[in-house]
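Q: The structure follows.
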Amino acid sequence: MNDIVTSLSDTFYNRFSKQTLHLFSENGWDKRYGGLFEVLGPNGESRDIEFRRIMVHARQLFVFSRWSKLTGNTSFGANADAIFDFMVNAFWDKKNGGWFSKINLDGSPRDKNKNLYAHAFVLFGLANYKYALNRENVQVWIDKTLTIIEDKFSREDRSFSEELNSDFEDLSIDTRKQNPHMHLLEAALYLLEKDKQNQRYAILVDRLLKLFETKFLDYEGSIVREYLDHNFRPSLINSSVVEPGHHFEWAWLLHWSDKTIVNECYNYKPLSQKLLTSACNLGWDRDYGGVFDEVDCTNNAPLLASKRLWPLLELIKALCVSPAIPCSVSLTTALTLLLKRYIAPDGFWVERYQKNWSEPDNNMPTSSVYHLAMAVLELEQLKLKLV
Numbered sequence: 040m041n042d043i044v045t046s047l048s049d050t051f052y053n054r055f056s057k058q059t060l061h062l063f064s065e066n067g068w069d070k071r072y073g074g075l076f077e078v079l080g081p082n083g084e085s086r087d088i089e090f091r092r093i094m095v096h097a098r099q100l101f102v103f104s105r106w107s108k109l110t111g112n113t114s115f116g117a118n119a120d121a122i123f124d125f126m127v128n129a130f131w132d133k134k135n136g137g138w139f140s141k142i143n144l145d146g147s148p149r150d151k152n153k154n155l156y157a158h159a160f161v162l163f164g165l166a167n168y169k170y171a172l173n174r175e176n177v178q179v180w181i182d183k184t185l186t187i188i189e190d191k192f193s194r195e196d197r198s199f200s201e202e203l204n205s206d207f208e209d210l211s212i213d214t215r216k217q218n219p220h221m222h223l224l225e226a227a228l229y230l231l232e233k234d235k236q237n238q239r240y241a242i243l244v245d246r247l248l249k250l251f252e253t254k255f256l257d258y259e260g261s262i263v264r265e266y267l268d269h270n271f272r273p274s275l276i277n278s279s280v281v282e283p284g285h286h287f288e289w290a291w292l293l294h295w296s297d298k299t300i301v302n303e304c305y306n307y308k309p310l311s312q313k314l315l316t317s318a319c320n321l322g323w324d325r326d327y328g329g330v331f332d333e334v335d336c337t338n339n340a341p342l343l344a345s346k347r348l349w350p351l352l353e354l355i356k357a358l359c360v361s362p363a364i365p366c367s368v369s370l371t372t373a374l375t376l377l378l379k380r381y382i383a384p385d386g387f388w389v390e391r392y393q394k395n396w397s398e399p400d401n402n403m404p405t406s407s408v409y410h411l412a413m414a415v416l417e418l419e420q421l422k423l424k425l426v
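Using the numbering used here, the first residue of the sequence shown is number 40, and each one after it goes up by one.
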């Protein structure tokens, strides 16, 4: 079993590191307008999309920073430097502070609202850029971003606003979404892992974990609903929506929390295992294999029976840290499916299939590079344990 996982992991690593990243390094940057393309087509060509997103830049800042350190490839580091420079010059709101989510190709703001999901990824990208490439000057941008999140996004109920207007008024007052909070925890955990004595990071991690335990998590069903009302109740029309991929991410994050926080008050292993098991039961297609995009938690039926790339990658991450958990799919099965259906030997990938593996979508959103990289990094850690 160990030899099989190692072999499959090596194949995945080589396809991603030697093919995918070189494709995006060569074709992903817009030489005319600057910044990163949103989507590459089936032949690696750019798609005509009239905006740039900060989230895409933050995710690739993370990827190229980590791969420059991992491989010693200085061109990846140069990519990270270019992405960082573009981010701070094009996306930072010089008048009010905070990061614009989208800009037009001419550099003007396309949407002046401020988005928590985007800020969470900016924080994650900046932190990885700083620590992977020793860019100490980035700390000021980490601090600026954290201050905006703490001072402007913070709500009295200890959650964070998902969307603010240009004057930092809450545009999402009636809803509570777990996903941006999950990614904010991811960024905060990485910062805390690198600086364990930093109380600012520790307080944010503790706040987000408690919010998850007391508000977002449905203990009875071991599920995490995507959308709740302002009282954290499942009263919205879409409150029955659960995403198996996000359950896998939470299972992995809780395991990481236990590793990062040395405190006997924290023991998330049982909960991590429950989330992984329930998500496998809910989300794995027993007929054709693969992970459904969305499931209705009231009847366990697929809401979106399509199968994007990223939920399978998040399952692989979760299985890396909990390999012995009873689940309807093994790590070997998940990796085999990934290499057979999704990521090709040339590093190109299929972004989405329908339930029976029909209608493959061969457009490659550049945001998916983050999910690929995260899965590869976790597999590299697992391989060290298997030696």
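Note that the Cβ used here is the ideal one computed from N, Cα and C, for glycine as well.
Nothing here was measured: the structure is a model prediction, and the numbers come from that model.
1) Taking a contact to mean a Cβ-Cβ separation below 9 Å, would you say Ser27 touches Leu374 in this structure?
2) Report yes if the CB atom of Asn154 is closer than 9 Å to the CB atom of Glu201, and no otherwise.
3) Helix, strand or coil: how does DSSP classify Lys346 here?
4) Would you identify the three-state DSSP class for Lys134, choosing helix, strand or coil?
5) I'd like to confirm the pairing. Which residues does DSSP put opposite Asp268 in its beta bridges?
6) Assign Asn118 to buried or exposed, taking buried as 16 or more other Cβ atoms, counted over all protein chains shown, within 10 Å of its Cβ.
7) If we ignore side chains and look at the alpha-carbon of each, how far apart do Ser397 and Phe207 end up?
8) Where does Asn1 land, buried or exposed, given buried means 16+ other C-beta within 10 angstroms?
9) Give the secondary structure of Phe90 by DSSP, where H, G and I count as helix, E and B as strand, and everything else as coil.
10) What residue range does the alpha helix (DSSP H) around Lys298 cover?
11) Rounded to a whole number of angstroms, what is the C-alpha to C-alpha distance between Leu267 and His286?
12) Answer with buried or exposed for Leu423, where buried requires no fewer than 16 other C-beta atoms within 10 angstroms of its C-beta.
13) For the beta strand (DSSP E) containing Arg149, list its first residue and its last residue.
14) Can you give me the C-alpha to C-alpha distance between Ser114 and Asn128, rounded to a whole angstrom?
15) Between Glu77 and Arg98, is the Cβ-Cβ spacing less than 9 Å?
16) Within the segment 146-213, note down every full alpha helix (DSSP H) run reaching 4 residues or more, in order along the chain.
17) Can you look up Pro16 in the DSSP assignment and give me helix, strand or coil?
18) Would you say Trp138 and Asp145 are within 9 Å of each other, going by their C-beta atoms?
A: Well, looking at it:
1) Beyond the ends of the chain as shown, which are 40 and 426, falls residue 27; an answer cannot be given.
2) For the purposes of this step, residue 154 is taken as residue 115 along the sequence shown, with counting starting at 1. For the purposes of this step, residue 201 is taken as residue 162 along the sequence shown, with counting starting at 1. Yes, the Cβ-Cβ distance between Asn154 and Glu201 is below 9 Å.
3) Residue 346 sits at position 307 when you count from the first residue of the sequence shown. Residue state, collapsed to three classes: strand.
4) Here residue 134 refers to the residue found at position 95 of the sequence shown. Reduced to three states, the DSSP call for Lys134 is coil.
5) In the sequence shown, residue 268 corresponds to position 229, counting from 1. Note: Asp268 sits in a beta bridge opposite Thr214.
6) Start at 1 with the first residue of the sequence shown, and residue 118 comes out as number 79. Buried is the call here.
7) Stepping through the sequence shown from its first residue, residue 397 is reached at position 358. Stepping through the sequence shown from its first residue, residue 207 is reached at position 168. Cα-Cα distance, rounded: 44 Å.
8) Since the first and last residues shown for the chain are 40 and 426, residue 1 lies out of range.
9) Residue 90 sits at position 51 when you count from the first residue of the sequence shown. Correct three-state label for Phe90: strand.
10) Stepping through the sequence shown from its first residue, residue 298 is reached at position 259. Its alpha helix (DSSP H) spans residues 283-299.
11) On the sequence shown, position 228 is the one that residue 267 refers to. On the sequence shown, position 247 is the one that residue 286 refers to. Their backbone Cα atoms lie some 16 Å apart in a straight line.
12) Counting from one through the sequence shown, the residue named residue 423 turns up at place 384. Exposed, since its Cβ has fewer than 16 Cβ neighbours within 10 Å.
13) Working through the sequence shown from its first residue, we reach residue 149 at position 110. Note, Arg149: beta strand (DSSP E), 148-150.
14) The residue labelled residue 114 in the question sits at position 75 within the sequence shown. The residue labelled residue 128 in the question sits at position 89 within the sequence shown. Between Ser114 and Asn128, the C-alpha separation is close to 21 Å.
15) Taking the first residue of the sequence shown as 1, we reach residue 77 at position 38. Taking the first residue of the sequence shown as 1, we reach residue 98 at position 59. For Glu77 and Arg98, no; Cβs fall outside 9 Å.
16) 155-172, 178-187
17) Here the chain covers residues 40 to 426 and nothing more, so residue 16 does not appear.
18) Within the sequence shown, residue 138 is the residue found at index 99, counting from 1. Within the sequence shown, residue 145 is the residue found at index 106, counting from 1. No. Outside cutoff.
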